[in-house]
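Scroll down for the structure; my scribbles are underneath it.
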Amino acid sequence: MSQTLQQKYETVIGLEVHLQLSTRTKIFCGCANVFGRDPNTQTCPVCLGLPGTLPVLNKMALEYALKIAMALDCRINPVIKFDRKNYYYPDLPKGYQISQYDKPVAYDGHLWMTTADGQARKINIKRAHLEEDAGKLIHDDRSNSSLVDYNRTGTPLMEIVSEPDLRSPQEAYDYLQALKLTLEYLHVSDCDMEKGSLRCDANVSIREAGAKTFGTKTELKNMNSFKAVRAALEFEEKRQREVVSSGGRIIQETRLWSEEKWTTITMRSKEEAHDYRYFPEPDLVPFEIDEALIEEVRRSIPELPRQKFERFVGEYGLSEYDARIIVADQHIAHFFEACAKLYADTKKICNWLNGPLLQEINGRKLAPRDVKIKPEDLVAIIRKVDENVLSNLSAKEALKQVLDTGKDAAAVIRDAGLAQVSDSSALEGIVDELIREHQSVVAQIREGKPSAVGFLIGQAMRKSQGKANPRMIGEIIRRKLSNKSEA
Amino acid sequence: MTKNAQNITKEDVQYIASLSRIHLQGEEVERLTKDLENILGYVHKLEKLDVRAVEPTSHVLPLANVYREDEVKPSLPQAEVMKTAAAPHNGFFKVPKVIQ
Numbered sequence: 003m004s005q006t007l008q009q010k011y012e013t014v015i016g017l018e019v020h021l022q023l024s025t026r027t028k029i030f031c032g033c034a035n036v037f038g039r040d041p042n043t044q045t046c047p048v049c050l051g052l053p054g055t056l057p058v059l060n061k062m063a064l065e066y067a068l069k070i071a072m073a074l075d076c077r078i079n080p081v082i083k084f085d086r087k088n089y090y091y092p093d094l095p096k097g098y099q100i101s102q103y104d105k106p107v108a109y110d111g112h113l114w115m116t117t118a119d120g121q122a123r124k125i126n127i128k129r130a131h132l133e134e135d136a137g138k139l140i141h142d143d144r145s146n147s148s149l150v151d152y153n154r155t156g157t158p159l160m161e162i163v164s165e166p167d168l169r170s171p172q173e174a175y176d177y178l179q180a181l182k183l184t185l186e187y188l189h190v191s192d193c194d195m196e197k198g199s200l201r202c203d204a205n206v207s208i209r210e211a212g213a214k215t216f217g218t219k220t221e222l223k224n225m226n227s228f229k230a231v232r233a234a235l236e237f238e239e240k241r242q243r244e245v246v247s248s249g250g251r252i253i254q255e256t257r258l259w260s261e262e263k264w265t266t267i268t269m270r271s272k273e274e275a276h277d278y279r280y281f282p283e284p285d286l287v288p289f290e291i292d293e294a295l296i297e298e299v300r301r302s303i304p305e306l307p308r309q310k311f312e313r314f315v316g317e318y319g320l321s322e323y324d325a326r327i328i329v330a331d332q333h334i335a336h337f338f339e340a341c342a343k344l345y346a347d348t349k350k351i352c353n354w355l356n357g358p359l360l361q362e363i364n365g366r367k368l369a370p371r372d373v374k375i376k377p378e379d380l381v382a383i384i385r386k387v388d389e390n391v392l393s394n395l396s397a398k399e400a401l402k403q404v405l406d407t408g409k410d411a412a413a414v415i416r417d418a419g420l421a422q423v424s425d426s427s428a429l430e431g432i433v434d435e436l437i438r439e440h441q442s443v444v445a446q447i448r449e450g451k452p453s454a455v456g457f458l459i460g461q462a463m464r465k466s467q468g469k470a471n472p473r474m475i476g477e478i479i480r481r482k483l484s485n486k487s488e489a
Numbered sequence: 034m035t036k037n038a039q040n041i042t043k044e045d046v047q048y049i050a051s052l053s054r055i056h057l058q059g060e061e062v063e064r065l066t067k068d069l070e071n072i073l074g075y076v077h078k079l080e081k082l083d084v085r086a087v088e089p090t091s092h093v094l095p096l097a098n099v100y101r102e103d104e105v106k107p108s109l110p111q112a113e114v115m116k117t118a119a120a121p122h123n124g125f126f127k128v129p130k131v132i133q
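Just so you know, the protein sequences line up as chains F and D, in that order.
Position one of the first sequence corresponds to residue 3 (my numbering), numbered consecutively onward.
Position one of the second sequence corresponds to residue 34 (my numbering), numbered consecutively onward.
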């Protein structure tokens, strides 16, 4: 991409996120809302759309939707209703999806996010509404047929639509990260893109820099990770710039991202686009969202990432960088705060969390919530380093063994013999041996070459399998050699 | 549809039929065009009523807030569900291949 094309055109992106809500049951029936069961074992006459059945709204699904609406600072419609979105596809047993058209749960919200260069940006949320998920299709090439599993049918979905406020694929990626983090803090979904519980479609257009009106947009689908969203947007941005700069016109259409081919492919043009013929769902009554319900839900909203970030910077004096990493996982944030109550040097806690602990967690391919270490144990290890009982190396080993064995820090340090040898008689013996074994180094030290002392300390660490207290070893070497030179 | 009710064309009927996956014969298109024109003509008459004093409603019953608690109820056994399938296949509904 030439610099000129990048400067000449501005990219405009809006995202539609579909979030599966983790209620116990589906949105309109009592079937369990679970993932990974045998096909068509979690269905009933309601979600299969059999004649004579009636949907009834799951109150918890509405409460989760309100939670999301409030966390995104949305306005909430005092009366909401559901509508039928009509289309024929085998994953939709009724021939329509129950969704919301003109009275969604929420509208006019926003989300604060941090851009790659550390700037705060406010992204407006156009609307957020409740709807039901469709079933799952498996395409079978051999039999030239498709197989349908209706277990997912009726899973509660919240669709969150941003305004076209995003200006680059990276910004879209950062917005998704920020949105996902807020949703995770709310405990309304497992937010797992691999399991399909969080899905994202993107609308993208370009316009000449400074233009007031929008260009013709294309809609991108089939991205199954945040990185895929960014890659598809990068591809599409480049494609549109090339079409427009060579005198062509963008056609309004839906394009599918292909991970294998690293390209977007036309799925359907506007002419073939669905005409959904929305109309009010006669099987569901309207719902009044009164102040009592709003207050009840508001009380269940925890401290959100942005507030936590600001509090950690203010209350614990963390750098914005440290605070951002710690807040990026609510379990780490919780762990940090528990440590900070036991130990005053929060910078040191951060260094251990963002360094060795996260390394161990990532190395084990674990999620932070699955890590078995108590705040007391990390603080105990840090204290032992402060007291010179553990070297940094042994401290990392202690951390590793706590994670491996689930034992507490004190037991690990004792059982593995990780404590530094600070018994001076034992250390003196080691130094005496070294002085005998390395006469030429000893000569260098006497000539005043300080790096030679470091070499002997290294040898002492080796002899003691890392357990000698290096500071004490250094002192003993200097004392012995200066005594001898005086003698 | 924002079209005037009097202007229902055969193309409109064909279009709606295709959205609904209904195949219509020539004579049926003629008849349904006329029927639809009559129905929408009637609706058009209603549109002329002064309803400024009537509160809009999306539902015919004076009911609101009918909820269900989030409690799991037993689902149907797979074998039972498969009885409703035209072409059951290893617990799945088998359909002609569809590609989005």
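Just so you know, even glycine gets a beta-carbon here, dropped at the ideal spot from N, CA and C.
Tell me residue i's beta-bridge partners as DSSP assigns them.
i: residue 200 of chain F; result: F:21
i: residue 92 of chain D; result: DSSP output for residue 92 of chain D lists no bridge partner at all.
i: residue 12 of chain F; result: F:209
i: residue 133 of chain F; result: F:159
i: residue 99 of chain F; result: F:87
i: residue 259 of chain F; result: F:266
i: residue 81 of chain F; result: F:290
Would DSSP call residue i helix, strand or coil?
i: residue 66 of chain D; result: helix
i: residue 59 of chain D; result: helix
i: residue 117 of chain D; result: coil
i: residue 146 of chain F; result: coil
i: residue 41 of chain D; result: coil
i: residue 321 of chain F; result: coil
i: residue 109 of chain F; result: strand
i: residue 43 of chain F; result: coil
i: residue 222 of chain F; result: strand
i: residue 100 of chain D; result: strand
i: residue 140 of chain F; result: strand
i: residue 299 of chain F; result: helix
i: residue 77 of chain D; result: helix
i: residue 50 of chain F; result: coil
i: residue 46 of chain D; result: helix
Since residue i meets chain F, which of its residues come closer than 7 angstroms, beta carbon to beta carbon?
i: residue 91 of chain D; result: 83, 282, 288
i: residue 94 of chain D; result: 287
i: residue 74 of chain D; result: Ordered by position in chain F, no residue passes the 7 angstroms Cβ test against residue 74 of chain D, which lies about 20 angstroms from the chain.
Would you say residue i and residue j are within 7 angstroms of each other, going by their C-beta atoms?
i: residue 283 of chain F; j: residue 268 of chain F; result: no
i: residue 23 of chain F; j: residue 191 of chain F; result: yes
i: residue 20 of chain F; j: residue 161 of chain F; result: yes
i: residue 45 of chain F; j: residue 108 of chain D; result: yes
i: residue 92 of chain D; j: residue 81 of chain F; result: no
i: residue 391 of chain F; j: residue 421 of chain F; result: yes
i: residue 223 of chain F; j: residue 203 of chain F; result: yes
i: residue 490 of chain F; j: residue 43 of chain F; result: Given that chain F is displayed from residue 3 to residue 489, the structure contains no residue 490 of chain F and the question cannot be resolved.
Give the interface partners of residue i over in chain D, defined as CB-CB distance under 7 angstroms, in chain order.
i: residue 27 of chain F; result: 103, 104, 105
i: residue 90 of chain F; result: 54
i: residue 226 of chain F; result: Ordered by position in chain D, no residue passes the 7 angstroms Cβ test against residue 226 of chain F, which lies about 14 angstroms from the chain.
Mind listing the chain F neighbours of residue i? Cutoff is C-beta to C-beta under 9 angstroms, in chain order.
i: residue 87 of chain D; result: Here the premise fails: no neighbours, minimum Cβ distance about 16 angstroms.
i: residue 59 of chain D; result: The contacting residues do not exist; residue 59 of chain D stays about 23 angstroms from chain F at best.
I need the straight-line Cα distance from residue i to residue j, nearest angstrom please.
i: residue 340 of chain F; j: residue 404 of chain F; result: 17 angstroms
i: residue 250 of chain F; j: residue 14 of chain F; result: 18 angstroms
i: residue 487 of chain F; j: residue 466 of chain F; result: Legend: pLDDT at residue 487 of chain F = 47, less than 50; position of this residue unreliable, value from coordinates given subsequently. Their backbone Cα atoms lie some 27 angstroms apart in a straight line.
i: residue 220 of chain F; j: residue 245 of chain F; result: 13 angstroms
i: residue 76 of chain D; j: residue 82 of chain D; result: 10 angstroms
i: residue 120 of chain D; j: residue 93 of chain F; result: 15 angstroms
i: residue 98 of chain F; j: residue 368 of chain F; result: 40 angstroms
i: residue 373 of chain F; j: residue 363 of chain F; result: 7 angstroms
i: residue 89 of chain D; j: residue 104 of chain F; result: 13 angstroms
i: residue 137 of chain F; j: residue 232 of chain F; result: 27 angstroms
i: residue 116 of chain F; j: residue 173 of chain F; result: 9 angstroms
i: residue 206 of chain F; j: residue 96 of chain F; result: 32 angstroms
i: residue 386 of chain F; j: residue 472 of chain F; result: 15 angstroms
i: residue 194 of chain F; j: residue 327 of chain F; result: 20 angstroms
i: residue 111 of chain D; j: residue 150 of chain F; result: 13 angstroms
i: residue 475 of chain F; j: residue 228 of chain F; result: 52 angstroms
i: residue 317 of chain F; j: residue 25 of chain F; result: 35 angstroms
Can you name the residues of chain F whose CB is closer than 8 angstroms to the CB of residue i?
i: residue 77 of chain D; result: Per Cβ cutoff of 8 angstroms: no residues; residue 77 of chain D is ~18 angstroms from chain F at best.
i: residue 108 of chain D; result: 33, 34, 43, 44, 45, 46
Could you tell me which chain A residues have their CB closer than 7 angstroms to the CB of residue i, listed as they occur along the chain?
i: residue 349 of chain F; result: Looking at the structure shown, chain A is missing, and the protein chains on hand are F and D.
Along chain D, which residues have their Cβ under 9 angstroms away from the Cβ of residue i?
i: residue 50 of chain F; result: 109, 114, 117
i: residue 151 of chain F; result: 124, 125, 126
Kindly list, in the order they appear in chain D, the residues whose Cβ is closer than 8 angstroms to that of residue i.
i: residue 61 of chain F; result: 100, 101, 102, 103
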